[in-house]
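Encoded as structure tokens, the structure appears first; notes follow it.
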Amino acid sequence: MELTKIHVRGKRKTPVTNRPQALCEPPVKALRTKKSLSSVMATRATRHRSTLDSLPAEILESILLHSANLSLPRVSNFIGFKLSGRATLLRLFILAFHETWEQWFGIPTDPAKVHGPWLQDAQHVPCGGDPIFQSQVLDQPWISIDLILQAQQNWADNHGRGRHYQHSAFWVDDAREVGHDYDGGFSHFNARECFEADYQQAVKWPAFAARGIHWFSQDIHPLTRIPNRLITGPWDDEMQRQLFWLCRGGYMTCEKLFIQPTWEVKIELIRNAMLNAEVPNLLAINCLFRTWVFDGLPADVVRKEIIGLERRIEWGGDPTETRELLRRVRSALFLSLHMPDHRGDLVVRRSDI
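Here it is in structure tokens:
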């Protein structure tokens, strides 16, 4: 029985042995286009970039502000670059200090100096804000006095417009000589002008002029810790201005509540502000020198510094005012050898500041 032929659609009718000439020849090696190393690396970086890296800067900023996680910019250089814009840094700084500013903007810590509105029972109201987050923000490498003052001014324009503001840092000169209104008033606040007026007066203070006087307002939480670099020094103009803004803003140096730095930080402060400085840094002395500076220092370190002090007092050739300061520090170091260490965990109240 003969099979019926079935026509297959598309099947060639030519014999298999009659292959086209092109298929019989060996394939020609394709030419490759040479690429530069930079283009290859850029292609790979784009191909393997994580989802977080590919997010727009606006989304990354929202994540940063909502999470308050300062480790996010360090995930990668690409993310850090996206989050390094000045507007982002200003919003981050305002986020850290908003609650404190909202509560205490323009109100001195000493009620006797108040020339404007005063909160009822204000000294016993807990201070708003997160001291840990504020401390972390202040320790960032991008912090500058220019950014701090701009952030404070932006906040005042949006949240403090029309609120009363007055100066609390004491002035050496008369307000008429300064050309600035010390008592302030409603809508008086200008971050740069007010700070500059206070700072120019502060650099004229004699040593230990600020001890025991409530000359600050509450721009930071009392338990906020400032970076060690601002405590140890040595201080240039930028560091001095940052230090003064923080101390004028309520940096806690009360012995009962202050979280003391290590003795290594303390001894560096004493050396850079007084012992090893050709001219004592009076601003650092007024801002930082309290009894805690001499508390908990190792006895052998204290004795070594006392020996060096006595040599300088006798042979150093310093002016009379400087020698008097050195003698005062020497007496404090002598007392520190017998100073008991009294520390305790206390509740922060405005009455303790």
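Counted from 1, the sequence shown has number 141 at position 160 by our numbering; the numbering is strictly sequential. Ideal placement from N, C-alpha and C gives every residue a C-beta, glycine not left out. Model, not experiment: these values are computed from the prediction.
- Between the region 180 to 188 and the region 64 to 79 there are fewer than three C-beta pairs closer than 8 Å, too few to call the two in contact.
- Shown here, residue 166 sits in a strand according to DSSP, grouped into three states.
- Put simply, the backbone Cα of residue 123 is about 28 Å away from that of residue 258.
- In the structure shown, residue 140 falls within a helical segment according to DSSP collapsed to helix, strand and coil.
- For residue 293, the uninterrupted alpha helix (DSSP H) segment begins and ends at 280 to 296.
- Within the same chain, and ignoring the five residues on either side of residue 211 in sequence, the residues whose Cβ sits closer than 8 Å to its Cβ are 220, 223, 224, 227.
- With contacts defined by Cβ atoms closer than 8 Å, residue 215 and residue 253 form a contacting pair.
- Following the DSSP letters along the chain, one finds residue 218 inside the alpha helix (DSSP H) bounded by residues 218 to 229.
- Exclusion of the five residues before and after residue 152 leaves 159, 163, 182 as the residues of its chain whose Cβ lies within less than 7 Å of its Cβ.
- Assigned with DSSP and collapsed to three states, residue 232 falls in coil, not helix or strand.
- Distance between residue 107 and residue 197, taken at the CA atoms: about 17 Å.
- Residue 20 sits in a helix when the DSSP states are folded into three classes.
- Residue environment for residue 298: exposed (fewer than 16 other C-beta atoms within 10 angstroms of its C-beta).
- Nearest C-alpha to residue 113 among 256, 231, 201: 201.
- Distance from the Cα of residue 286 is smallest, within the candidate group 318, 19, 67, for 318.
- Within the DSSP bridge table, the entry for residue 89 names 198 as partners.
- Beta-bridge partners assigned by DSSP to residue 180: none are found.
- Closest option to residue 87, judged by alpha-carbon separation, among 41, 52, 143, 69: 143.
- DSSP, read as helix, strand or coil, puts residue 47 in helix.
- Note on residue 311: 16 or more other CB atoms within 10 angstroms of its CB, so buried under the neighbour-count rule.
- Residue 145 carries a strand assignment under DSSP once its states are collapsed to helix, strand and coil.
- The three-state secondary structure of residue 127, taken from DSSP, is helix.
- Under the DSSP assignment, residue 114 falls in the alpha helix (DSSP H) whose first and last residues are 112 to 119.
- Secondary structure of residue 175 (DSSP, three-state): helix.
- Taken atom to atom, the span from the alpha-carbon of residue 32 to that of residue 41 is near 11 Å.
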